[in-house]
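Heads up, the thing below is written out as structure tokens.
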Amino acid sequence: MKQCQSFQCPVEATLQLIGGKYKSLILWHLIGKTLRFNELGKLIKSATPKMLTQQLRELENDGLINRVVYPVVPPKTEYSLTPFGESIIPVLEAMCNWGNSYLEGTATCVNSCSSI
1 MKQCQSFQCP VEATLQLIGG KYKSLILWHL IGKTLRFNEL GKLIKSATPK
51 MLTQQLRELE NDGLINRVVY PVVPPKTEYS LTPFGESIIP VLEAMCNWGN
101 SYLEGTATCV NSCSSI
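Numbering (full-length UniProt numbering), first residue to last: 1 to 116.
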């Protein structure tokens, strides 16, 4: 059960939900898709399995993602955005656009968010 939390401002509340090291990336990759744990791991190479599991659990507990476990061998678990999780898509798109603008002024080579 969620406990009542006190926040200084709405930005703090937002960062509490999506501010983990890989949370925004997980949410980004789940836009319009259902992915398995290993698929997310391949997309977010820098995340260890332990950290990815922790971030997924927090997102699930906060109601941003669905986790469905299928009773098969080997175990199959799929993740997708909840309707509440889908409400954060405009924020993630704005972050992508801002990041693209920022990176245009640097020598950093990255893949565009639009290709994800």
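C-beta atoms are modelled at their ideal positions from N, C-alpha and C, and glycine is treated no differently.
**Asked** According to DSSP, is S6 helix, strand or coil?
**Response** Locating residue 6 in the sequence shown gives position 6, counting from the first residue. Looking at S6 - three-state DSSP - the assignment turns out to be coil, as it is neither helix nor strand.
**Request:** Please classify K23: is it buried, with 16 or more other beta-carbons within 10 angstroms of its beta-carbon, or exposed?
**Result:** Working through the sequence shown from its first residue, we reach residue 23 at position 23. Flag for K23 reads buried.
**Request:** Give the secondary structure of I26 by DSSP, where H, G and I count as helix, E and B as strand, and everything else as coil.
**Result:** As a first step, residue 26 must be located in the sequence shown, where it is residue number 26. Helix at I26.
**Asked** Taking the alpha-carbon positions, what's the A13 to K76 distance?
**Response** Translated into the one-based positions of the sequence shown, residue 13 becomes position 13. Translated into the one-based positions of the sequence shown, residue 76 becomes position 76. Cα to Cα, A13 sits roughly 32 Å from K76.
**Asked** Can the beta-carbon of L27 be found closer than 8 Å to that of G85?
**Response** The residue you call residue 27 lines up with position 27 of the sequence shown. The residue you call residue 85 lines up with position 85 of the sequence shown. Yes, these two residues count as a Cβ contact at 8 Å.
**Item:** Unbroken stretches of the alpha helix (DSSP H), 4 residues or longer, contained in the segment 35-88
**Value:** 37-43, 49-61 and 83-86
**Prompt:** If we ignore side chains and look at the alpha-carbon of each, how far apart do E96 and S46 end up?
**Reply:** Counting from 1 along the sequence shown, the entry for residue 96 is found at position 96. Counting from 1 along the sequence shown, the entry for residue 46 is found at position 46. Checking the sequence shown, residue 96 turns out to be Cys, not Glu. Going from the Cα of C96 to the Cα of S46 covers about 19 Å.
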